[in-house]
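A short write-up of the structure that comes next.
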Amino acid sequence: MRWSLIAITLSVFLMSHSALGAVYVSGSVNQSTSNLGFQKQETRGGSLSIDLGLGQYIRIGITHQQNFKESLGWEENEDLPETDPARYEPFSSKEYISANSLDFTFILYEGTVIVPYLKIGGIWKSYTIERVTATEIERTEQKASSIPEPNLGVGAGIKLNQQFTIKLFHRASPSAIYDEKLNKAVPAWDRDTTVGISYKL
400 MRWSLIAITL SVFLMSHSAL GAVYVSGSVN QSTSNLGFQK QETRGGSLSI
450 DLGLGQYIRI GITHQQNFKE SLGWEENEDL PETDPARYEP FSSKEYISAN
500 SLDFTFILYE GTVIVPYLKI GGIWKSYTIE RVTATEIERT EQKASSIPEP
550 NLGVGAGIKL NQQFTIKLFH RASPSAIYDE KLNKAVPAWD RDTTVGISYK
600 L
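Residue numbers for the sequence shown follow my numbering, beginning at 400 and rising by one.
Pasting the structure below:
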């Protein structure tokens with residue numbers, strides 16, 4: 400269902416280019432490496448968006464985003480004494496997050512250089528987590544919901560010329576975390592900030 404909706408939307412974009420307005424293709428990538436707690440962590444990801452102008456100040460678009468995080472090193476077992484050689488054990492984990500969204504973009508001001516905008520729509524997310532220690536292998540997977548969650552964002556474009564624009568964007572969508580005190584899941588927000596570039600066809 401999700402991929403069918405994306406395919407239909409993309410087809411409408413391509414067929415309606417001349418009838419409705421300009422098509423904007425945007426992309427961003429990210430990568431980082433850090434060392435914390437005897438573990439090396441590598442994070443990388445990217446996103447691709449296609450938007451169709453519905454006039455000067457409104458656009459409709461689809462976005463696909465992927466993020467991958469890998470941790471490798473040693474994990475401390477605080478239940479064991481510091482003199483026990485087994486206090487530290489090999490550890491690795493992999494986290495994969497995939498998201499697809501369908502959004503409306505509202506241009507707040509069409510400046511000659513700066514273009515601030517709001518983005519509102521729905522997002523589908525899926526998670527895969529794999530955790531490996533010296534004693535066990537644990538893998539959990541959460542499929543994307545068939546019902547989209549709200550997707551809210553604010554951003555700004557910096558025009559380089561008539562075709563290319565640098566885009567700064569911050570997005571938030573509902574999620575949940577486990578609260579140890581309440582011993583249950585509580586509402587939370589997933590947030591991400593991206594810097595990318597957009598090309599006007």
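We put the beta carbon where it would ideally sit given N, CA and C, even for glycine. All values reported here derive from a predicted model rather than from experimental measurement.
Excluding sequence positions up to five before and after L567, its CB lies within less than 6 Å of the CB of G554, A555 and V594, all in the same chain and listed in chain order. Between F503 and A571, the alpha-carbon positions lie close to 15 Å from each other. Across the structure, Q430 and E529 are spaced so that their CA atoms are roughly 20 Å apart.
Between the alpha carbons of Q562 and G426 lies a distance of about 14 Å.
The Cβ-Cβ distance between V422 and I457 does not fall below 9 Å. G521 is positioned such that its CB atom lies closer than 9 Å to that of N550. Under the rule that a run must span 4 or more residues, the alpha helix (DSSP H) segments found entirely inside the segment 416-465 read 416-419.
With three or more CB-CB distances shorter than 8 Å, the segment 460-469 counts as touching the segment 489-501. Pairing S500 with W473 gives a Cβ-Cβ distance that is not under 9 Å. With 16 or more other CB atoms across the displayed protein chains lying within 10 angstroms of its CB, Q464 is buried.
Y598 counts as exposed, since fewer than 16 other beta carbons sit within 10 angstroms of its beta carbon.
E477 sits away from F437, with the two beta carbons spaced by 9 Å or more. Between G454 and G420, the C-beta gap is smaller than 9 Å, which places the two residues in contact. Taking C-beta atoms as the reference points, K580 and V514 fail to come closer than 9 Å.
By the Cβ-count criterion, L507 is exposed, with fewer than 16 other Cβ atoms from all chains shown falling within 10 Å of its own Cβ. The beta carbon of Y516 sits closer than 8 Å to the beta carbons of T504, F505, I506, L507, V553, G554, A555 and G556 from its chain, once the five residues preceding and following it are set aside; these are given in chain order. Runs of the alpha helix (DSSP H) lying entirely within the segment 492-575 and spanning at least 4 residues: none are present. A direct Cα-Cα distance of roughly 18 Å separates A587 from I519. With 16 or more neighbouring CB atoms inside 10 Å of its own CB, L451 falls in the buried class. Burial of T462 is indicated by the presence of at least 16 other C-beta atoms within 10 angstroms of its C-beta.
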